[in-house]
Amino acid sequence: MNPEKRRAIYERLRAANPKPTTELEYSTPFELLVAVILSAQATDKSVNAVTRKLFPVARTPRQIAELGVSGLSNYIRTIGLWKAKARNVVATASAIADEHGGEVPRTREALEALPGVGRKTANVVLNTIFGEPTIAVDTHIFRVANRTRIAVGETPRAVEDALVRHTPGEFAHDAHHWLILHGRYVCKALKPECWRCVINDLCEWPDRRKVIKHALKMKEKAP
């Protein structure tokens with residue numbers, strides 16, 4: 151994909167959503183960090199459902215640490231991998247309270263040193279809280295980037311590096327949010343809705359025309 155087409159894609163995504171942000175609910179940097187850790191292999195909706203009950207009870211690093219693994223587990227057991235997440239969140243809360251003065255660290259190295267915080271989680275925090283032009287590649291972004299050919303790679307890191315390399319600076323901060331939302335609601339894994347995609351004429355996915363053609367046939371058959 152050439153630079154002109156990439157720019158046009160981002161321009162359309164920006165026009166459709168000028169101020170994109172995460173769908174995770176939070177009011178402090180630490181709350182976002184907790185929510186992102188909990189969101190691994192879970193939907194934002196399911197995470198928001200548990201944090202709406204958790205944060206009114208315990209929302210600071212010290213409060214989460216004092217809640218303990220068993221206490222936290224009572225709030226998050228409806229989401230996937232809750233046992234491991236409970237251990238990681240409590241350990242991370244303790245580390246932030248004891249080693250970082252209760253503040254979420256601002257560097258990638260310090261973030262990734264926290265239990266349960268990998269590169270993707272660190273990228274979300276660095277982008278959403280600290281305004282850095284990082285791109286956290288989840289399954290949605292990995293799919294959209296490869297399917298559209300805006301950034302091709304066989305691994306999430308390869309896609310991340312390609313996106314960082316090819317995304318014009320003016321779009322770098324919001325690219326993560328545009329791509330994840332596009333993958334979540336339009337460029338879906340099993341049933342992509344190409345017929346209502348704002349970038350369908352710029353996309354380089356060979357099957358997009360088949361999807362659009364099929365959708366038009368279904369519309370014609372509808373009573």
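Numbered per our numbering, the sequence shown finishes at 373, counting up by one with no gaps.
All C-beta atoms, glycine included, are put in the ideal place defined by N, C-alpha and C.
Can you list, in chain order, the residues of its chain whose CB lies under 6 Å from that of E173, leaving out five sequence neighbours each side? D194
Assumed close pair G281, H323 - CB separation to whole angstroms, cut-off 8 Å: 7 Å
Quick one: complete alpha helix (DSSP H) runs, 4+ long, within the region 312 to 373? 325 to 335, 358 to 371
Starting from the C-beta of A185, find all residues in its chain whose C-beta is less than 6 Å away, skip the five residues before and the five after it, and write them out in chain order. L174, Y176, V197, T201
Around the Cβ of L340, are there at least 16 other Cβ atoms within 10 angstroms (buried) or fewer (exposed)? exposed
Straight-line CA distance for T271 to I300? 22 Å
Would you report the Cα separation of L313 and W355, rounded to the nearest angstrom? 17 Å
In this structure, how does DSSP classify Q191 when only helix, strand and coil are distinguished? coil
Please state whether DSSP places V254 in a helix, a strand or coil. coil
Buried or exposed: where does Y160 fall if 16 or more other Cβ atoms within 10 Å of its Cβ makes it buried? buried
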